[in-house]
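Residue numbers for the sequence shown follow the working numbering, so the first one is 53 and each next one is one higher. Taking it in order: structure first as structure tokens, then the write-up.
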Amino acid sequence: MRCKDIMKIDVEVCWVMDPAAEVAERMRTRGIGFLPVCSETGEVVGTVTDRDLTVRLLAERLPHRTPIHRIMSTTPVTCSPFDPLALAEDTMRRHHIRRIVCVDERNRPLGIISLADIADVEFGWPLLREGGLRDVQRYAMD
Numbered sequence: 053m054r055c056k057d058i059m060k061i062d063v064e065v066c067w068v069m070d071p072a073a074e075v076a077e078r079m080r081t082r083g084i085g086f087l088p089v090c091s092e093t094g095e096v097v098g099t100v101t102d103r104d105l106t107v108r109l110l111a112e113r114l115p116h117r118t119p120i121h122r123i124m125s126t127t128p129v130t131c132s133p134f135d136p137l138a139l140a141e142d143t144m145r146r147h148h149i150r151r152i153v154c155v156d157e158r159n160r161p162l163g164i165i166s167l168a169d170i171a172d173v174e175f176g177w178p179l180l181r182e183g184g185l186r187d188v189q190r191y192a193m194d
């Protein structure tokens, strides 16, 4: 199975200069906790999670208008949609992440794969989204 077979293709992104408050609001209204951060040319240059926003904004007492590039993780972990799913899973495990961005040859986002997506496919655990994801996260991080 390839990454393209399970990646979510309706990718929501934010841009390097987006204010943190707008990114947080977008996450809240869409019920998501992760966004790829793109440059002006559309390339993935980082990622931001709801935890990044909470910890960095509060701990560093940054203003809500702080550009997201000051908060994001600057080493995005990516894969190709044509990579074997096992490679993406291994990459996620090695980097201790729960989501990976699938990018094209120009590093533009095409899709996102989560540990829950992999569990749905590999283990037949679609109900993990209902509350059992922590077990899969523990398994993936071991």
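Note that CB positions come from ideal geometry on N, CA and C, so glycine has one too.
Residue i and residue j closer than 8 Å at C-beta
i      : j      : result
Lys56  : Phe134 : yes
Asp104 : Ser91  : no
Thr130 : Pro71  : no
Met53  : Leu162 : no
Beta-carbon contacts of residue i that lie in its chain and below 8 Å, excluding the five residues immediately before and after
i      : result
Glu64  : Arg78, Arg82, Ile84 and Leu87
Ile164 : Met59, Lys60, Val63, Phe86, Pro88, Arg151, Ile152, Val153 and Cys154
Cβ distance (whole Å) where residue i is taken to contact residue j below 8 Å
i     : j      : result
Val89 : Ile120 : 6 Å
Glu95 : Arg160 : 6 Å
Val97 : Cys66  : Not confirmed; about 11 Å, so no contact.
Same chain, Cβ closer than 6 Å to residue i, neighbours up to 5 away in sequence not counted
i      : result
Val173 : Ile58
Sequence-distant residues of its chain with Cβ nearer than 7 Å to residue i (five each side left out)
i      : result
Glu182 : With a pLDDT of 49 at Glu182, under the threshold of 50, the modelled position of that residue is not reliable, and the figure given next carries that caveat. Within the same chain, Glu182 has no close Cβ partners at all.
For residue i, the nearest candidate out of the options (CA to CA)
i      : options                           : result
Thr93  : Leu110, Ile149, Ala171 and Arg158 : Arg158
Arg204 : Phe175, Val75, Arg54 and Met144   : Residue coverage of the chain in this structure runs from 53 to 194, which leaves residue 204 outside it and unanswerable.
- Message: Which runs of the beta strand (DSSP E) at least 3 residues long sit entirely within the stretch 53 to 93? Give them in chain order.
- Response: 86 to 90
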